Amino acid sequence: MPRDHPSERKSGGLDEIPSQTGSTQPLSRLAKRFLGSCPRPSHQIDTMISRLVFQPLLISLVTLLTSQGLASAKEWSVPVAGNAFRTQPEPGGRSMRRGGSLRLRDSGEVYSVYFHVDDADTLQLGLKGNASDRPATILATIGETKLSCDLKPASGETYPLGEIEVAKAGYVRVDLQLAPAANGEASGPAQITDLVVTPAKADLQLDYVQTNDGNMFYWGRRGPSVHLSYRLPRGMNLTYAYSEITVPDGQDQMGTYFMANGFGEGYFGMQVNSPTERRVLFSIWSPFRTDNPNEIPDEDRVATLAKGKNVVAKDFGNEGSGGQSFFLYPWEAGKTYRFLTEVKPDGNGNTLYTSWFGDKAKDEWRLVATFRRPKTDKHLTGFHSFLENFSPEQGHLQRSAHYGNQWVCDVNGKWHEITRAKFTGDNTARGRHRLDYAGGSQTDHFFLKNCGFFSEPVDLDQTFERESTARQQPAIDWDQLPR
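Each residue of the sequence shown is one higher than the last, beginning at 1 in UniProt numbering.
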């Protein structure tokens, strides 16, 4: 996306240069100052020599001054609508307004604004906004540094907060809150639209969600999604995909979908839906492309042929449409769960998709559902996994998972181990709206990590290889699988 920000301040062009104070001086004025200190030529030959010698020196001087940082620095406006999250007392709240502003009414609430810098620098911070009906004092905390500013009612101007030092490249967090009551008088409510950042270095690069083009404030607050695309054996028809997921302690944040078995027509994994609810979810897209399931013609509808105990099966929409199944299951961080998906043509121009789930330590399998997808005649393709956050209020919380022991089984019943995967990301990652994503391999498993504004991203489009787990080849009694 374009790297120049609309609020960029520029110098006056080729005919002027910046002064020490940030204003500009015409070259003719600088030339008079520079040449006026030189001896005056006594005749025409001396004049020619002066032009040959001093004019190139003047051009070199201008170039040197500009390269030494006297060019105006950019002023970056970080919109709170796409880059702020309530971090105290807990995620959520209703202070983010539809117009893109943050309304501060309670001194007990803290909203954190995040942006990324590509180098160490000194930053001047300010706020765009206004108080509602009486002056409001805003406190800003950046690490150990505390700043403040007073906002006036109905002003909408930029208020300087102060200066901070950033020691290295990475994410910067700025906590904003109303000042608590002093002398019995509470600070008035306030509305903030932007955090204004002015670096000392003219070439410092900031990355954040800059605009709401393509509904990016929503997608940016959800954070980047990351994927593992598995390298499959060639020249054979595949029927089954098998994989395992272990979520480390503390990484099972609300709003996370840990997707284990993805394929060309659907996906299968487990979610954290609320503080008290967790699900195992299996979905198949309709061949009819729409986000509204009511628009799907009858001949293109995904049909539910079977489902397990306590499984809910229904239509879904919004991100494509089709058939969805899920059941509530209190899965736990630190435990390993296994996922098995069958993809089998029925011989009548349709394909049947069945998924099973189980706790690996218990050696159990539970049927989720069997779907029939019309106008489809194919075996397993596009085996992959992903990690995503589907709650925009939780996008500042880090989540991760270990993806391991991947296998596929061909139509002849032979298992093939999968040890290579390509790491990719969505448009939020590729567009540099968010840089808090990572993936790779660790000994015998792959891993994915996103959100949380950590500062060590992993380059996309790399291929990683894990160690073999050949001794853990799935041992499945096909006749005993519940159907």
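From the three backbone atoms N, C-alpha and C, an ideal C-beta is built for every residue, glycine too.
Keep in mind the model is a prediction, meaning the values are calculated, not measured.
key: Cβ distance (whole Å) where residue 488 is taken to contact Leu125 below 8 Å   = Summary: the structure shown does not reach residue 488, with the chain confined to residues 1 through 483, and so no result is reported for it.
Inter-residue Cα distance where the pair is Trp76 and Leu206 = Trp76 and Leu206 have their C-alpha atoms some 8 Å from each other.
request  = For Leu178, I'd like the list of residues in its chain whose CB is within less than 6 Å of its CB, leaving aside the five on either flank, ordered along the chain.
outcome  = Around Leu178: Leu104, Ser107 and Ser187.
ask   = Is Glu157 helix, strand or coil by DSSP?
value = Taken through DSSP and simplified to helix, strand or coil, Glu157 comes out as coil.
request  = Report the residue ranges of all alpha helix (DSSP H) runs contained in full by the stretch 156–216; include only those spanning at least 4 residues, in chain order.
outcome  = Taken in chain order, the stretch 156–216 contains no complete alpha helix (DSSP H) segment of 4 residues or longer.
query = When the Cβ atoms of the stretch 311–327 are set against those of the stretch 392–406, are three or more pairs found closer than 8 Å?
reply = At 8 Å Cβ cutoff, the stretches do not touch.
request  = Could you check the C-alpha separation between Thr193 and Gly452 for me, to the nearest Å?
outcome  = When rounded, the distance between both Cα atoms is 22 Å.
key: Spatial distance of Lys378 from Gly264 (CA atoms)   = Near 10 Å, if we compare the C-alpha coordinates of Gly264 and Lys378.
query = Contact between the stretch 207–214 and the stretch 78–86: three or more CB pairs below 8 Å?
reply = Remark: three or more beta-carbon pairs, one from each stretch, lie closer than 8 Å, so the stretch 207–214 and the stretch 78–86 are flagged as touching.
ask   = On the three-pair Cβ rule with 8 Å, is the stretch 416–424 touching the stretch 454–471?
value = Output reads yes: the stretch 454–471 touches the stretch 416–424.
ask   = In chain order, which continuous runs of the beta strand (DSSP E) of length 3 or greater are located wholly inside the stretch 336–419?
value = Residue ranges of uninterrupted beta strand (DSSP E) with 3 or more members, entirely inside the stretch 336–419 and ordered along the chain, are 336–345, 351–359, 366–373, 384–389, 399–410 and 415–418.
ask   = So what does DSSP say about Pro287, is it helix, strand or coil?
value = In the structure shown, Pro287 adopts coil according to DSSP, grouped into three states.
inquiry  = Helix, strand or coil for Asn427? Go by DSSP, reduced to three states.
reply    = Collapsing the DSSP output to three states places Asn427 in a helix.
key: Sequence-distant residues of the same chain with beta carbon closer than 7 Å to Leu147, five excluded per side   = If we look at Leu147 and ignore the five residues flanking it on each side, its Cβ neighbours are Leu125, Ala140, Leu161 and Gly162.
ask   = Roughly how many whole angstroms lie between the Cα atoms of Asn130 and Leu176?
value = Approximately 14 Å, taken between the alpha carbons.
ask   = Taking DSSP as the reference, what is the three-state secondary structure of Leu57?
value = Low local confidence applies: a pLDDT of 49 at Leu57 is under 50, so the model's placement there is unreliable, with the coordinate-based value given in what follows. In this structure, Leu57 counts as helix in the three-state DSSP scheme.
task = Put residue 512 into one of helix, strand or coil per three-state DSSP.
result = Absent from the structure is residue 512, since the part of the chain shown begins at 1 and ends at 483.
task = Let me know the secondary structure DSSP gives Glu295 once reduced to three states.
result = Here DSSP, grouped into helix, strand and coil, assigns Glu295 to helix.
query = Per DSSP, residue 485 is paired with what?
reply = The displayed coordinates of the chain run from 1 to 483. Any statement about residue 485 would go beyond what the structure contains.
message = Using DSSP's beta-bridge definition, name the partner residues of His227.
response = DSSP, once it has assigned bridges, lists Phe386 and Thr424 as partnering His227.
ask   = How big is the Cα-Cα spacing for Ala202 and Arg432?
value = Going from the Cα of Ala202 to the Cα of Arg432 covers about 20 Å.
request  = State the start and end residues of the unbroken beta strand (DSSP E) segment that holds Asn237.
outcome  = Per DSSP, Asn237 lies in no beta strand (DSSP E) segment and is marked neither H nor E.
inquiry  = Quick check on the burial criterion: 16 or more other C-beta atoms within 10 angstroms. Buried or exposed for Met236?
reply    = Exposed, since its Cβ has fewer than 16 Cβ neighbours within 10 Å.
ask   = When the Cα atoms are used, what is the spatial distance from Ser468 to Glu144?
value = About 46 Å.
Residue environment, Val411, which counts as buried when at least 16 other CB atoms sit within 10 Å = Flag for Val411 reads exposed.
key: DSSP state of Gln324 mapped onto helix, strand, coil   = In the structure shown, Gln324 sits in a strand (DSSP, three-state: E or B).
ask   = Should Asp479 go down as buried or exposed, given a rule of 16 or more other Cβ atoms within 10 Å for buried?
value = Flag for Asp479 reads exposed.
Gln124, DSSP secondary structure in three states = DSSP places Gln124 in strand when its eight states are reduced to three.
request  = Taking 8 Å as the threshold, find out whether the stretch 325–333 comes into contact with the stretch 272–282 through three or more Cβ pairs.
outcome  = Output reads yes: the stretch 272–282 touches the stretch 325–333.
query = In terms of alpha-carbon separation, which member of Gly255, Ala470 and Asp121 lies closest to Gly92?
reply = The shortest Cα separation from Gly92 among Gly255, Ala470 and Asp121 belongs to Gly255.
inquiry  = Taking only three categories from DSSP, how would you classify Gln473?
reply    = Gln473 sits in coil when the DSSP states are folded into three classes, being neither helix nor strand.
Residue 488 versus Glu319 - alpha carbon distance = Because the chain is modelled from 1 through 483, residue 488 falls outside the range shown and cannot be assessed.
message = On the CB-based measure, 16 or more other CB atoms within 10 Å of its CB, does Gly349 come out buried or exposed?
response = Exposed, by the Cβ-count rule.
ask   = At a cut of 8 Å, does the stretch 239–257 reach the stretch 335–348 through at least three beta carbon pairs?
value = The stretch 239–257, when compared against the stretch 335–348, does touch it at the 8 Å Cβ threshold.
task = Label Arg221 either buried or exposed according to how many other C-beta atoms from any shown protein chain fall within 10 Å of its C-beta, with 16 as the threshold for buried.
result = Sixteen is the threshold: when 16 or more other Cβ atoms of the shown chains lie within 10 Å of the Cβ of Arg221, as they do, the residue is buried.
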